[in-house]
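Working notes for the structure below.
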Amino acid sequence: MVLSGCSLQDFGSAFGNFGWPSNGISLQAHKMYDLWIGSVIAALVVGIFVWGLIFWCVIRYRKRGDELPVQTRFNMPMEVLYTVTPILVVAVLFYYTAIVQTDVDKLSKNPDQVVEVVAFKWQWQFNYRDGMGQDAGTVASTVGSADVIPLLVLPTGEKIRFEETSKDVIHSFWVPELLFKRDVFPGNVRNVFEVTLDKEGRYVGRCAELCGTYHAFMQFELVVVSPEKFDQYLAARKNGATTQEGMAAIGFTGKESYAVTTEPLNTRRQANGWNQHDAVAAGK
Ligand SMILES: [Cu+2]
C-alpha cells in the first residue's frame, strides 16, 4: 500500500533503473519494469533487515571476557519465524511474477498487425502479414544484408503480433528497450508473442542467442512511428517501394532512411580470406 502511493518509475530511474535500460517502450514492458523495481525494493528491505540483525549481534554479543555465554539450544518462536517469513516473501514474489508473466504472454484474438520474424544465419527478415499463422500471406517484406541493417517499422497503440521462425539454428529476437527477448526456433516451433508499443523512436535490436560465426552481425532497428505514418509506410511498401523509399515517404530521408542506432560491422571476410572462393582459388 505504501509503494502504490509513489511511482515505481520515479524511484527506479533515481537508481539507474537497477540495471535495466529504461522503463521500456511497450505496455508489457512497463508491467515487467514495475515488477523488477518492486522485487529489488523487496530484496533491499529484507537485506537491510538482515544486515541490521547481523551488526546488532556483532556489537551486542561481542566477546567481553573469558566467561562462556549462555548456551541456548533452540528457540521455538524463532524457528517458526524464520521458516514462515521466507515462505511469505517467496509467495508474494511468485504471485506478482505469475500475474505479470500471464499478461506478457497473453495473445489477442484479433491483433492489429502481424509480423513474421524470420531469422537465418546471419540476418533477419521481417514479413508484414495479412493474417495469423503459417498460411497467411506476406504483403511487404524487409530483409537485412551485410551492408544494410534491416528496419522493422511499427505503429504505437496497436496490438502487434510477432510470429517467429528460423531457417537454420536457434536465434533470439531481442530489443533491449522492450525489456523482452524470445528465442526463434527452426522447424515446427513457431513462437508467438504480442506487444503494444507506446513510445515513438528508434531502437536497436539484436540476436541474443549465440548462433555461429557471424552472430554479432545480426542487428536490426525497430522504428516506432504513429499509426498514420505506419499506414503510409505500409501503403508505400505494398506499392513496391523499398524499405528506404518507404522511410522517405514518412519523412525519414537521406541517412535517416537507414538505421541510426547501429551500423553494419566491417566483416573483413575478404581481407581475412574467410568463405571467399576467390581467396581459396588464389591459394590464400
Ligand atoms: Cu542469431
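Each residue of the sequence shown is one higher than the one before, starting from 81 at the first, in my numbering. Just so it is clear, CB atoms sit at the ideal spot from N, CA and C, and this is done for glycine as well. Everything numeric in this text was worked out from a predicted model, so none of it was measured.
Identify, in the order they occur along the chain, each residue of the same chain with its Cβ nearer than 6 angstroms to the Cβ of residue i, setting aside the five sequence neighbours on each side.
{"i": "Y283", "result": "V255, E257 and L302"}
{"i": "T177", "result": "none"}
{"i": "T333", "result": "none"}
{"i": "Y141", "result": "none"}
{"i": "L345", "result": "F297"}
{"i": "Q89", "result": "N103"}
{"i": "G118", "result": "none"}
Reducing DSSP to helix, strand and coil, say where residue i ends up.
{"i": "G145", "result": "coil"}
{"i": "T177", "result": "helix"}
{"i": "P157", "result": "helix"}
{"i": "S221", "result": "strand"}
{"i": "S188", "result": "coil"}
{"i": "W204", "result": "strand"}
{"i": "K247", "result": "coil"}
{"i": "Y162", "result": "helix"}
{"i": "K261", "result": "strand"}
{"i": "W100", "result": "coil"}
{"i": "I134", "result": "helix"}
{"i": "R282", "result": "strand"}
{"i": "I121", "result": "helix"}
{"i": "T276", "result": "strand"}
{"i": "Q151", "result": "coil"}
{"i": "S252", "result": "strand"}
{"i": "V340", "result": "coil"}
{"i": "E325", "result": "helix"}
{"i": "E196", "result": "strand"}
{"i": "F300", "result": "strand"}
{"i": "R241", "result": "strand"}
{"i": "R209", "result": "strand"}
{"i": "L234", "result": "strand"}
{"i": "V170", "result": "helix"}
{"i": "V269", "result": "coil"}
Pull up the CB-CB distance for residue i and residue j, whole angstroms please, since I reckon it's below 8 angstroms.
{"i": "L187", "j": "T236", "result": "That belief does not hold up - the Cβ atoms of L187 and T236 are roughly 20 angstroms apart, past 8 angstroms."}
{"i": "V197", "j": "V269", "result": "In fact, because the Cβ distance is near 13 angstroms, the residues do not count as touching under 8 angstroms."}
{"i": "I240", "j": "V195", "result": "6 angstroms"}
{"i": "S246", "j": "F200", "result": "7 angstroms"}
{"i": "A216", "j": "F297", "result": "So it is not a contact: roughly 29 angstroms between Cβ atoms."}
{"i": "V172", "j": "K111", "result": "No, V172 and K111 are not in contact; Cβ-Cβ is about 16 angstroms, not under 8 angstroms."}
{"i": "Q299", "j": "V184", "result": "The Cβ separation is near 24 angstroms, so there is no contact."}
{"i": "E325", "j": "A316", "result": "7 angstroms"}
{"i": "P191", "j": "E244", "result": "Not confirmed; about 14 angstroms, so no contact."}
{"i": "E343", "j": "I229", "result": "7 angstroms"}
{"i": "V160", "j": "V126", "result": "Going by Cβ atoms, the distance from V160 to V126 rounds to 18 angstroms, so no, they are not a contact pair."}
Taking 7 angstroms as the cut-off, is the C-beta of residue i nearer than that to any heavy atom in ligand 1?
{"i": "M112", "result": "no"}
{"i": "C137", "result": "no"}
{"i": "E289", "result": "yes"}
{"i": "W254", "result": "no"}
{"i": "M298", "result": "yes"}
{"i": "W100", "result": "no"}
{"i": "W116", "result": "no"}
{"i": "W202", "result": "yes"}
Any heavy atom of ligand 2 closer than 7 angstroms to the CB of residue i?
{"i": "A199", "result": "Ligand 2 is absent from the structure shown, which contains only ligand 1."}
Counting only the same chain and skipping the five closest in sequence on each side, list residues whose C-beta sits under 7 angstroms from that of residue i.
{"i": "W100", "result": "Y113, W116 and L259"}
{"i": "S87", "result": "none"}
{"i": "R144", "result": "none"}
{"i": "T323", "result": "T222 and L231"}
{"i": "V120", "result": "F98"}
{"i": "A328", "result": "S337"}
Excluding the five sequence neighbours on either side, which residues of its own chain have a C-beta within less than 8 angstroms of the C-beta of residue i, listed in chain order?
{"i": "S221", "result": "Q205, F206, N207 and Y208"}
{"i": "V305", "result": "V233, L234, P235, T236, E280, Y313 and I330"}
{"i": "I250", "result": "D263, V264, F265, P266, E289 and C291"}
{"i": "V340", "result": "R282 and E301"}
{"i": "A122", "result": "V169, V172 and L173"}
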